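Asks: The structure under discussion is supplied below as structure tokens; questions concerning it will follow.
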Amino acid sequence: MLRSYQVAEFAKPLVASESPLPEPTGAQVLVKMERCGVCHSDLHIWDGYWDLGGGKKIVAANNGSLLPLTMGHEIVGTVVAKGPEASNVEIGQRRLIFPWIGCGSCAVCQSGAEHLCAGKAQALGVFLNGGFASHVLVPADRYLVDYGSLNTELACTYACSGLTAYSALKKIGKLPDGQSLLIVGAGGVGLNGIAMAKAVTGQAPIVVDLDPAKREAALKLGAKDAIDPRAEGAGKALVKATGGVAGAVDFAGSPQSFEFAYGALRKGGHLVSVGLLGGQTTISLPLLVMKGVSISGSYVGSLVELKELITLAQQQHLPALPIEVRPLDAVNGALEQLKAGGVVGRIVLSN
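If you're matching positions, the sequence shown starts at 14 in this note's numbering and goes up one per residue.
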């Protein structure tokens, strides 16, 4: 029997459900969930919309998320059944699932960027049922990644939190000595970014967050400094101390976080915007041109990047963000705590 906790109505508590176990066909694989992270993106799906600013929204139902839906996209589990065409995995193997599955046929998917699918995306926990369940049906065995001897709780966070941070930091690239990296937002994704920042960019980051507990966690994970953006003159002091940062990643994604990061850039600097808290901001076009800065959006990451991240984690022994493991039936409390901003690191559900 497949047990799951589903969004039956947006913004309402998830509802327990039972159904027969699906039988995999073709290259499909049935995975028994062992660990599944609770991600801030789940809150947007749960609420049913993303705030675009100016009163505009992306409504989940209009974008392909149909109810009832089992959320959860940071999934590690054991293969328990497979279709006749699933030749790259065996029953009993433990695997990390790449959840950002596309249609497979559009030009974007064909380029290897399935996470940016321009067709009918099949992302697990977003459009197809995901990991807040006892079992997950994966569309094809190619989306299962061997995570080796990595800690299971940490490995599951790499499917979204870690992958998102890794892909964003790759866009910054290697920074020469004397050049500063800024990370805004030390939530689950931000902390994963802090943990891998030096390995990816060559520089320990300066971190900005409103929450003193998250700033403390950032320092423990190797941040060079941790700043409260509400402190008087915080932005000006940062620019004075660094000459402006060469790279900045905004893992929060609010107007305030974006403006702080953008204002901290030196001439020729690069800002990568990642967070989805929502809203909009205004940019002076002449200053954008005269400073020669660049702004990139970055949304999760590709299957190739996830495999790169797993290799990096195995070789570099990246520090683990704080993780609290709770039983699957505690999912509603985990979502509520995350929504209230009370989670430092990641809550991971156990089946």
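Virtual Cβ for every residue (Gly too), placed ideally from N, Cα, C. Computed from a predicted model, the values in this text were never measured in an experiment.
(1) DSSP state of alanine 120, grouped into three classes?
(2) Report yes if the CB atom of threonine 91 is closer than 9 Å to the CB atom of arginine 107, and no otherwise.
(3) For a test of the three-state rule: what should DSSP assign to glycine 276, helix, strand or coil?
(4) Could you please give the first and the last residue of the uninterrupted alpha helix (DSSP H) stretch that includes aspartate 159?
(5) Assign serine 297 to buried or exposed, taking buried as 16 or more other Cβ atoms, counted over all protein chains shown, within 10 Å of its Cβ.
(6) How far does the alpha helix (DSSP H) with proline 340 in it extend, from its first residue to its last?
(7) Of all the options Leu137, Thr214 and Gly203, which has the alpha carbon lying nearest to the alpha carbon of leucine 239?
(8) Rounded to whole angstroms, what is the Cα-Cα separation between glycine 198 and serine 17?
(9) Roughly how many whole angstroms lie between the Cα atoms of lysine 95 and alanine 217?
(10) Give me, in chain order, the residues of the same chain whose beta-carbon lies closer than 6 Å to that of leucine 167; leave out the 5 immediate sequence neighbours on both sides.
(11) Determine the extent of the beta strand (DSSP E) in which glutamate 25 is found, giving its start and end residues.
(12) Is the shortest distance between the beta-carbon of glutamate 166 and the beta-carbons of chain B less than 9 Å?
(13) To which residues does DSSP link glutamate 31 through a beta bridge?
(14) Taking cysteine 49 and glycine 201 to be in contact with their CB atoms under 8 Å, please state how far apart those CB atoms are, rounded to whole angstroms.
(15) Does the pairing of the region 66-76 with the region 110-124 give three or more beta-carbon distances under 8 Å?
(16) Can you tell which of Tyr156, Cys116, Gln135 and Gln192 has its C-alpha closest to the C-alpha of leucine 109?
(17) Opposite serine 309 in the DSSP bridges: which residues?
(18) Tell me the start and end of each unbroken beta strand (DSSP E) in the region 182-208 that is at least 3 residues and wholly inside, in chain order.
(19) Quick check: leucine 195 and valine 221, are their CB atoms within less than 9 Å of each other?
(20) Just to confirm my understanding: we take aspartate 224, look at its own chain, exclude 5 residues before and 5 after, and list those with CB closer than 8 Å. What are they?
(21) Rounded to whole angstroms, what is the Cα-Cα separation between threonine 255 and lysine 237?
(22) Which residues does DSSP pair with serine 267 in a beta bridge?
(23) Rounded to the nearest angstrom, how far is the Cβ of valine 149 from that of alanine 347, given a contact under 8 Å?
(24) Per DSSP, what are the beta-bridge partners of arginine 228 in this structure?
(25) Measure the C-alpha to C-alpha separation of lysine 352 and asparagine 345 and round it to an integer number of angstroms.
(26) Along the chain, where does the alpha helix (DSSP H) containing serine 363 start, and where does it finish?
(27) DSSP state of methionine 46, grouped into three classes?
(28) Among all the DSSP beta bridges, which residues are the ones paired with lysine 320?
(29) The beta strand (DSSP E) that contains histidine 148, what's its start and end?
(30) Measure the alpha-carbon distance for glycine 138 versus serine 286 and round it to whole angstroms.
(31) State buried or exposed for histidine 283, treating a residue as buried only when at least 16 other CB atoms are found within 10 Å of its CB.
(32) Quick check on the burial criterion: 16 or more other C-beta atoms within 10 angstroms. Buried or exposed for valine 302?
(33) Should threonine 294 be labelled buried (16 or more other beta-carbon atoms within 10 Å of its own) or exposed?
Replies: If we stick to the structure as given:
(1) Counted from its first residue, the sequence shown places residue 120 at position 107. Looking at alanine 120 - three-state DSSP - the assignment turns out to be helix.
(2) As a position in the sequence shown, residue 91 is number 78, starting the count at 1. As a position in the sequence shown, residue 107 is number 94, starting the count at 1. With respect to arginine 107, threonine 91 sits close: the two C-beta atoms are nearer than 9 Å.
(3) In the sequence shown, residue 276 corresponds to position 263, counting from 1. Three-state result, glycine 276: helix.
(4) Counted from its first residue, the sequence shown places residue 159 at position 146. According to the DSSP assignment, aspartate 159 belongs to no alpha helix (DSSP H), since it is labelled neither H nor E.
(5) In the sequence shown, counting from the first residue as 1, residue 297 sits at position 284. Exposed is the label assigned to serine 297, since fewer than 16 other Cβ atoms lie within 10 Å of its Cβ.
(6) Translated into positions along the sequence shown, residue 340 becomes position 327. According to the DSSP assignment, proline 340 belongs to no alpha helix (DSSP H) but to the beta strand (DSSP E) extending over 336-340.
(7) For this step, residue 239 is matched to residue 226 along the sequence shown. Here the sequence assigns alanine to residue 239, which means leucine is not the residue at that position. Comparing Cα positions, the closest option is Gly203.
(8) Position 185 of the sequence shown, counted from the start, is the residue given in the question as residue 198. Position 4 of the sequence shown, counted from the start, is the residue given in the question as residue 17. Each residue's alpha carbon lies about 31 Å from the other.
(9) Mapped onto the sequence shown, residue 95 falls at position 82. Mapped onto the sequence shown, residue 217 falls at position 204. Separation of lysine 95 and alanine 217 (C-alpha to C-alpha, rounded to the nearest whole angstrom) is 43 Å.
(10) Position 154 of the sequence shown, counted from the first residue, corresponds to residue 167. Only Ala333 meet the Cβ criterion.
(11) In the sequence shown, counting from the first residue as 1, residue 25 sits at position 12. Residue identity check: residue 25 is lysine in the sequence provided, not glutamate. Judged by DSSP secondary structure, lysine 25 falls outside any beta strand (DSSP E); it is assigned neither H nor E.
(12) Although the question refers to chain B, the structure presented lacks it and comprises just one protein chain.
(13) For this step, residue 31 is matched to residue 18 along the sequence shown. As computed with DSSP, glutamate 31 is found in a beta bridge with Arg16.
(14) Position 36 of the sequence shown, counted from the first residue, corresponds to residue 49. Position 188 of the sequence shown, counted from the first residue, corresponds to residue 201. Not quite, the Cβ-Cβ distance comes to about 13 Å (not below 8 Å), so this is no contact.
(15) No: fewer than three Cβ pairs fall under 8 Å.
(16) Numbered from its first residue, the sequence shown carries residue 109 at position 96. Of the listed residues, the one whose Cα sits closest to leucine 109 is Tyr156.
(17) To locate residue 309, count along the sequence shown from 1; it is residue 296. Residue pairing by DSSP places serine 309 opposite Val285 in a beta bridge.
(18) The qualifying runs are 194-197.
(19) In the sequence shown, counting from the first residue as 1, residue 195 sits at position 182. In the sequence shown, counting from the first residue as 1, residue 221 sits at position 208. Yes, they are a contact pair.
(20) Counting from one through the sequence shown, the residue named residue 224 turns up at place 211. Cβ neighbours of aspartate 224 beyond the five flanking positions: Ala199, Gly354 and Val357.
(21) Residue numbering aside, residue 255 sits at position 242 when the sequence shown is read from its first letter. Residue numbering aside, residue 237 sits at position 224 when the sequence shown is read from its first letter. Take the alpha-carbon of threonine 255 and the one of lysine 237: they are about 12 Å apart.
(22) For the purposes of this step, residue 267 is identified with residue 254 of the sequence shown, where counting begins at 1. Paired residues: none, contrary to the question.
(23) The count along the sequence shown starts at 1 and reaches residue 149 at position 136. The count along the sequence shown starts at 1 and reaches residue 347 at position 334. With a Cβ gap of about 18 Å, valine 149 and alanine 347 do not count as contacting.
(24) Along the sequence shown, read from residue 1 onward, the residue named residue 228 stands at position 215. Per DSSP, arginine 228 has no beta-bridge partner at all.
(25) Residue numbering aside, residue 352 sits at position 339 when the sequence shown is read from its first letter. Residue numbering aside, residue 345 sits at position 332 when the sequence shown is read from its first letter. In this structure, the straight-line span from the alpha carbon of lysine 352 to that of asparagine 345 is close to 11 Å.
(26) Within the sequence shown, the letter at position 350 stands for residue 363. That residue, serine 363, is in no alpha helix (DSSP H); its beta strand (DSSP E) goes 359-363.
(27) The residue you call residue 46 lines up with position 33 of the sequence shown. If DSSP states are grouped into helix, strand and coil, methionine 46 belongs with the strands.
(28) Indexing the sequence shown from 1 puts residue 320 at position 307. In the DSSP assignment, lysine 320 forms no beta bridge with any residue.
(29) One-based indexing of the sequence shown puts residue 148 at position 135. Histidine 148 -> beta strand (DSSP E) spans 148-151.
(30) Residue numbering aside, residue 138 sits at position 125 when the sequence shown is read from its first letter. Residue numbering aside, residue 286 sits at position 273 when the sequence shown is read from its first letter. When rounded, the distance between both Cα atoms is 23 Å.
(31) By one-based count along the sequence shown, residue 283 stands at place 270. Buried: at least 16 other Cβ atoms inside 10 Å.
(32) In the sequence shown, the residue the question calls residue 302 occupies position 289. By the neighbour-count rule (16 or more Cβ atoms within 10 Å), valine 302 is not buried but exposed.
(33) For the purposes of this step, residue 294 is taken as the residue at position 281 of the sequence shown. Looking at its Cβ environment, which holds fewer than 16 other Cβ atoms inside 10 Å, threonine 294 is exposed.
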